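Below is one structure; the comments refer to it alone.
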Amino acid sequence: MDAYVTGDKNSSNVLVCIFDIFGFWNTTKQGADLLGDSMKTKIVMPDFLRNHPWPIDGFPPRDEAEGQKLSQWFESVGNVGERVKDVHAVVDELKSNGAQKLGLYGFCWGGKVASQLAGKDSPFVGVSMIHPAFISPDDPKGFTVPVGFFPSKDEPKNDADGFWATMQKEHPDLAAKSQYKYYDENHHGFAAARANLEDKSNYFAFQDLYTRLADFFCPLFQ
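Mapping of the sequence shown onto the UniProt record's numbering: position 140 corresponds to residue 140, and the numbering continues sequentially without gaps.
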């Protein structure tokens, strides 16, 4: 599949990005560029949607018919289980080309996919979920790697706090290497396709998020 690749393309450390349902987007790529530059590592953003992203002007759905189409899209193009398989295939390809340590970060829907890859036999040294969709306080119970957890104001705070509480209770050793920040002033999508970098609050949150991602992953790549 196609991929956007940035950063140090000779690095044996690789961060894999799962974009949101809108696919390749300049602001998502800009964030990857920031990570690649600050971490001096390779960033790979594969086209997990195979050129069939959901149109950004169709979210949220404008009527019942469009809502049904989105549900069908999640069952097919955006099927989480199938995309998890794709991530494993990407990992195998990267390792065959010399990758030694790998991290994973995902946005919104991609954050949910990423959460499914933080458990038993995870191929990643760490996994991050940014304004993740479909989060549950029970998600961390099976985690085996540190996580960077960065929900927005549009994710229920009770669920977000519950997620982090579960992480601390079930895996205190991993929680010590993890990060949690609830972006209570910023909308779902502020760090990916729906970012508005002309808005001062969004711009500073965007910069803060990518700084935190680098701070989270850098020690894990040592």
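C-beta atoms are modelled at their ideal positions from N, C-alpha and C, and glycine is treated no differently. Remember, it's a predicted structure, so these values are computed and weren't measured experimentally.
Within 8 Å, strictly: CB atoms of residue i and residue j
i	j	result
TRP54	TRP73	yes
ARG212	GLY148	yes
LEU102	LEU117	no
Which of helix, strand or coil DSSP assigns to residue i
i	result
PHE22	coil
ASN202	helix
SER76	coil
TYR210	helix
ASN158	helix
THR166	helix
THR27	helix
Own chain residues within Cβ distance below 6 Å of residue i, not counting five before or after
i	result
LEU94	VAL14
ASP161	none
GLY23	LEU49 and PRO53
VAL5	VAL44
Contacting residues, own chain, Cβ-Cβ under 8 Å from residue i (five flanking each side not counted)
i	result
GLU185	LYS153, SER201 and ALA205
Backbone CA spacing between residue i and residue j [nearest angstrom]
i	j	result
HIS52	PRO123	27 Å
PHE163	ALA133	13 Å
residue 235	LEU174	It is not possible to answer for residue 235, since the shown part of the chain is limited to 1 through 222.
ILE56	SER128	23 Å
LEU182	PRO151	It should be pointed out that residue 182 corresponds to Tyr in this sequence rather than to Leu. If I take the Cα positions, the gap works out to 5 Å.
LYS29	PHE19	9 Å
At which residue ranges does the region 97-133 contain complete beta strand (DSSP E) runs of 3 or more residues, listed in the order of the chain? 101-107 and 126-130
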